[in-house]
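Q: Dropping the structure in here first, questions after.
Residue numbers (the numbering used here): 19 to 222.
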């Protein structure tokens, strides 16, 4: 459906209701200027609005980029017409749902911390390999200047230095890939949590 500039901006403003007023006004001003720029390039008002994209998709994008506290506050503020039975049910069920909710949050945080602790331990082990390689190399050089230096012992130390250095380099790249995967999964989980506070009808 074709929309005028004012209709688009009104729909955007209403869709973002509940967010801080400054955030809403900044978004409306931003898209107003985008429409004006397209009209300056020769587009009609309706063409400029259509070129911007779906207002619902824009609302979803803005909400997904908003902080979680803002989304929670927005959800609570939009749910201003609590019915009596909803309040009673919420109060009566709190001894059940609150501990379950708290337990779920603690479990998620614990798993998150454990996973990242494992990643950090991998980096620590890799650092130890690098230090061991450097130490073995320095020991080889120092041993070479001793009066009773043994060529076989020197080769063993030098070989150990190269092995530690090689394992350290290979491990570093492998751990980096694991870390990137963890960051990707963490972002997806965070986006999913935030999506719980975005009403479905706003993103259709």
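Glycine included, C-beta positions come from ideal geometry on N, C-alpha and C.
Please go through the same chain and pick out, in chain order, the residues whose beta-carbon is closer than 7 Å to the beta-carbon of residue 157, but skip the five residues on each side of it.
A: The residue given as residue 157 occupies position 139 in the chain shown. 175, listed in sequence order.
Q: For the region 100 to 119 and the region 146 to 155, state whether three or more C-beta atom pairs, one from each stretch, are separated by less than 8 Å.
A: no
Q: Can you give me the start and stop residues for the alpha helix (DSSP H) that residue 68 sits inside?
A: As a position in the chain shown, residue 68 is number 50, starting the count at 1. That run of the alpha helix (DSSP H) goes 63 to 70.
Q: Is residue 84 helix, strand or coil by DSSP?
A: Working through the chain shown from its first residue, we reach residue 84 at position 66. Looking at residue 84 - three-state DSSP - the assignment turns out to be coil, as it is neither helix nor strand.
Q: Suppose you measure from the CA of residue 23 to the CA of residue 37; what does that come to, to the nearest Å?
A: The sequence position of residue 23 within the chain shown is 5, counting from 1. The sequence position of residue 37 within the chain shown is 19, counting from 1. C-alpha separation (whole angstroms): 22 Å.
Q: Does the beta-carbon of residue 60 have 16 or more other beta-carbons within 10 angstroms, so that it is buried, or is it exposed?
A: Here residue 60 corresponds to residue number 42 of the chain shown, with the count starting at 1. Residue 60 is classed as exposed because its beta carbon has fewer than 16 other beta carbons within 10 Å across all chains shown.
Q: Please classify residue 170 as buried or exposed, where buried requires at least 16 neighbouring CB atoms within 10 angstroms.
A: Here residue 170 corresponds to residue number 152 of the chain shown, with the count starting at 1. So residue 170 ends up on the exposed side.
Q: Give a yes or no on whether the C-beta atoms belonging to residue 141 and residue 193 are separated by under 8 Å.
A: Position 123 of the chain shown, counting from 1, holds the residue named residue 141. Position 175 of the chain shown, counting from 1, holds the residue named residue 193. A contact, by the Cβ cut-off of 8 Å.
Q: Would residue 31 be called buried (16 or more neighbouring beta carbons within 10 Å of its own) or exposed?
A: Start at 1 with the first residue of the chain shown, and residue 31 comes out as number 13. Exposed is the call here.
Q: Under the three-state reduction of DSSP, which class applies to residue 157: helix, strand or coil?
A: One-based indexing of the chain shown puts residue 157 at position 139. Residue 157: helix per DSSP, three-state reduction.
Q: Can you give me the start and stop residues for the alpha helix (DSSP H) that residue 26 sits inside?
A: By one-based count along the chain shown, residue 26 stands at place 8. Residue 26 -> alpha helix (DSSP H) spans 23 to 33.
Q: Using the beta-carbon count (16 or more within 10 Å), is residue 45 buried or exposed?
A: The residue you call residue 45 lines up with position 27 of the chain shown. It is buried - the Cβ of residue 45 has at least 16 other Cβ atoms within 10 Å.
Q: What is the residue span of the alpha helix (DSSP H) that residue 40 lies within?
A: Counting from one through the chain shown, the residue named residue 40 turns up at place 22. Where residue 40 is concerned, the enclosing alpha helix (DSSP H) stretches over 39 to 58.
Q: Taking just the CA atoms, how far does residue 52 sit from residue 65?
A: For the purposes of this step, residue 65 is taken as the residue at position 47 of the chain shown. For the purposes of this step, residue 52 is taken as the residue at position 34 of the chain shown. In this structure, the straight-line span from the alpha carbon of residue 65 to that of residue 52 is close to 12 Å.
Q: I need the DSSP call for residue 164, collapsed to helix, strand or coil.
A: Residue mapping note: residue 164 aligns to position 146 of the chain shown, counting from 1. Reduced to three states, the DSSP call for residue 164 is coil.
Q: Give me the residue from 207, 150, 26, 39 with the minimum Cα distance to residue 180.
A: As a position in the chain shown, residue 180 is number 162, starting the count at 1. Of the candidates 207, 150, 26, 39, the one whose C-alpha sits nearest the C-alpha of residue 180 is 150.
Q: What would DSSP say about residue 184, mapped onto helix, strand or coil?
A: The residue labelled residue 184 in the question sits at position 166 within the chain shown. Residue 184 falls in the helix class under three-state DSSP.
Q: Which of helix, strand or coil does DSSP assign to residue 20?
A: By one-based count along the chain shown, residue 20 stands at place 2. DSSP places residue 20 in coil when its eight states are reduced to three.
Q: Just to confirm before moving on: does the CB-CB distance between residue 68 and residue 20 stay below 8 Å?
A: Locating residue 68 in the chain shown gives position 50, counting from the first residue. Locating residue 20 in the chain shown gives position 2, counting from the first residue. In contact: residue 68 and residue 20 (Cβ atoms closer than 8 Å).
Q: What's the gap between the Cα of residue 212 and the Cα of residue 196?
A: If you number the chain shown from 1, residue 212 lands on position 194. If you number the chain shown from 1, residue 196 lands on position 178. Roughly 24 Å between the two C-alpha positions.
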